[in-house]
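**Student:**
Residue numbers (this note's numbering): 62 to 257.
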């Protein structure tokens, strides 16, 4: 026997699709103005992941990969499955929960690191190489990026929900703990961290 169909399923799928549409439109708008935040001409026109077609996309892709791994560690620490998310779809090999957790932190950690490194001249075009249309960091470029990325992860802020000082690294774990509590029914709603 098959389980009865959920009569609310079409409505849920419609809302989920609308939510993803809004997220996609927001990301498109964000990356449309992103070049205005970068000093000089770096060839960044739009977000291109695979392969990154310019140095800025190479930095963003590298940073987002690092942040995804950091979020996956936080998710594992609290006992959640990093491959089953609440927003990103579950696909083989895709750490959906880690992507859900890291999403609000992309501009706070990675994007701000990229902007700082470029605008302060800490990275130049000499820190990149192009191979078969894809850009990547040189060894020196990776070292500089990793140092600034770690500095950013260790930056202390006052958590807007809890009111005490934490690093961004700790915020990722707190985010995972809040999601876990929400999924277990220990809290009635989950609100991702928002920094004003």
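Just so you know, even glycine gets a beta-carbon here, dropped at the ideal spot from N, CA and C.
Going along the chain, which residues of its own chain have a beta-carbon closer than 8 Å to the beta-carbon of residue 62, five neighbours each way excluded?
**Tutor:** With a pLDDT of 48 at residue 62, under the threshold of 50, the predicted position of this residue should be treated as unreliable, and no value is reported.
**Student:** Expressed to the nearest angstrom, what Euclidean distance is found between the alpha-carbon atoms of residue 236 and residue 255?
**Tutor:** 11 Å
**Student:** Taking the DSSP output, what are the residues bridged to residue 190?
**Tutor:** 197
**Student:** Please go through the same chain and pick out, in chain order, the residues whose beta-carbon is closer than 6 Å to the beta-carbon of residue 238, but skip the five residues on each side of it.
**Tutor:** Excluding residues within five positions, the ones whose Cβ falls inside 6 Å are 139.
**Student:** Measuring only the C-alpha atoms, how far is residue 182 from residue 173?
**Tutor:** 14 Å
**Student:** So is residue 210 buried or exposed if we call it buried at 16+ other beta carbons inside 10 Å?
**Tutor:** Counting C-beta atoms within 10 angstroms of its own C-beta, residue 210 has 16 or more neighbours from the protein chains shown and is therefore classed as buried.
**Student:** Within 10 Å of its beta-carbon, does residue 215 have 16 or more other beta-carbons around it, so buried, or fewer, so exposed?
**Tutor:** exposed
**Student:** Leaving out five residues on either side along the sequence, give the residues of the same chain with a beta carbon under 8 Å from the beta carbon of residue 248.
**Tutor:** 239, 242
**Student:** State the Cα-Cα distance for the pair residue 91 and residue 125, rounded to the nearest angstrom.
**Tutor:** 16 Å
**Student:** Would the stretch 163-179 and the stretch 87-104 be scored as touching if the rule is three or more Cβ pairs under 8 Å?
**Tutor:** yes
**Student:** Taking the straight line between their C-alpha atoms, what separation do you get for residue 146 and residue 159?
**Tutor:** Their backbone Cα atoms lie some 8 Å apart in a straight line.
**Student:** For residue 137, which residues of its own chain have a beta-carbon under 8 Å away from its beta-carbon, when the five flanking residues on both sides are left out?
**Tutor:** 143
**Student:** What residue does the beta strand (DSSP E) around residue 228 start on, and which one ends it?
**Tutor:** 226-228
**Student:** For residue 219 and residue 185, I'd like the C-alpha separation in whole angstroms.
**Tutor:** 33 Å
**Student:** Which one of 206, 176, 97, 177 has the shortest CA to CA distance from residue 188?
**Tutor:** 206
**Student:** Within a Cβ cutoff of 8 Å, which residues of the same chain sit near residue 230, ignoring the five residues on either side of it in sequence?
**Tutor:** Closer than 8 Å at Cβ, skipping near neighbours: 131, 214, 215.
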